[in-house]
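*Asks:* In my numbering, the protein residues as written are 5 to 184. Positions of the beta carbon are idealized from the N, C-alpha and C atoms, including for glycine. My questions will all concern the structure given below.
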Amino acid sequence: ADVNLGANYQFTKYLSFFAQLNNLANFKYQKWYNYPTFGFNAMVGVQLDTSMNINFEDHILDLLKHNDCVVLPNFGGFILKSIPSTIHQHTISPPSKQIAFNSSLKHDDELLTGAIMGKHSLPYETAKNKVLAFSNQISFGIKKDASFKLNKIGSFSVNENNQIIFKPFVLELSDSSFMA
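Here it is, written out as structure tokens:
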């Protein structure tokens, strides 16, 4: 029998240490034909998780400055809607933009994945998994609490027909970076 022993110590939220002892009895055998296993061996290491502090809201807002839509896979898409200028009595409002949400947009456009890859130097699969986890976190939060809030973008709730309702927060989207 192959006997192994492993341990992991979470030192901080982002830093952990691990040790793995393999083949403690130092048995000699072939796991696959003509490929012998190692005898007793050990592995120790440090794992630093820098991707835990990804601010998805900032990435979404930044992407909306250059794209009309950013999709969270399997959840929906944030859309930047143009609002024309208006004249009401003696007040003229300049054209502006507002964030909307469309729950029918579920196919991943990979804009957010690409932004995460570039900003945090993550491989594609890792970045994609982080985006999926964020999308799932929102879905789970809505199912669990019937609402979920993105502090810089807006809040989600569920109506009596179990449809997702998005209420955008008042944002200053009329600055020139959003008006291009």
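By the DSSP assignment, the alpha helix (DSSP H) with residue 116 in it spans what residues?
*Replies:* Residue 116 sits at position 112 when you count from the first residue of the sequence shown. Element bounds for residue 116: 115-124.
*Asks:* Just to confirm before moving on: does the CB-CB distance between residue 80 and residue 106 stay below 7 Å?
*Replies:* Here residue 80 is taken as the residue at index 76 of the sequence shown, counted from 1. Here residue 106 is taken as the residue at index 102 of the sequence shown, counted from 1. Yes. Within cutoff.
*Asks:* Quick one, are the C-beta atoms of residue 103 and residue 40 less than 7 Å apart?
*Replies:* Working through the sequence shown from its first residue, we reach residue 103 at position 99. Working through the sequence shown from its first residue, we reach residue 40 at position 36. Contact flag unset, no.
*Asks:* Quick check on DSSP: helix, strand or coil for residue 22?
*Replies:* Here residue 22 corresponds to residue number 18 of the sequence shown, with the count starting at 1. Residue state, collapsed to three classes: strand.
*Asks:* Count the other CB atoms within 10 Å of the CB of residue 134; is the residue buried (16 or more) or exposed (fewer)?
*Replies:* In the sequence shown, residue 134 corresponds to position 130, counting from 1. With 16 or more Cβ atoms within 10 Å of its Cβ, residue 134 is classed as buried.
*Asks:* Look at the alpha carbon of residue 168 and the alpha carbon of residue 148, and state the distance between them as a whole number of angstroms.
*Replies:* For the purposes of this step, residue 168 is taken as residue 164 along the sequence shown, with counting starting at 1. For the purposes of this step, residue 148 is taken as residue 144 along the sequence shown, with counting starting at 1. Those two C-alpha atoms are separated by around 13 Å.
*Asks:* Where does the unbroken alpha helix (DSSP H) through residue 139 begin, and where does it stop?
*Replies:* Taking the first residue of the sequence shown as 1, we reach residue 139 at position 135. Note, residue 139: alpha helix (DSSP H), 128-149.
*Asks:* Taking three-plus beta-carbon pairs below 8 Å as touching, is the region 84-102 in contact with the region 45-52?
*Replies:* The region 84-102 vs the region 45-52: no contact.
*Asks:* Three or more beta-carbon pairs under 8 Å between the region 69-80 and the region 135-146, yes or no?
*Replies:* The region 69-80 vs the region 135-146: in contact.
*Asks:* Using a Cβ-Cβ cutoff of less than 8 Å, which residues in the same chain neighbour residue 63 once the five nearest sequence positions on both sides are dropped?
*Replies:* Indexing the sequence shown from 1 puts residue 63 at position 59. Cβ within range, chain order: 116, 119, 120 and 123.
*Asks:* Whole angstroms are fine: how far does the CA of residue 90 sit from the CA of residue 55?
*Replies:* Position 51 of the sequence shown, counted from the start, is the residue given in the question as residue 55. Position 86 of the sequence shown, counted from the start, is the residue given in the question as residue 90. With a pLDDT of only 49 at residue 55, under the threshold of 50, the placement of this residue in the model should not be trusted; the figure read from the coordinates follows. Cα to Cα, residue 55 sits roughly 43 Å from residue 90.
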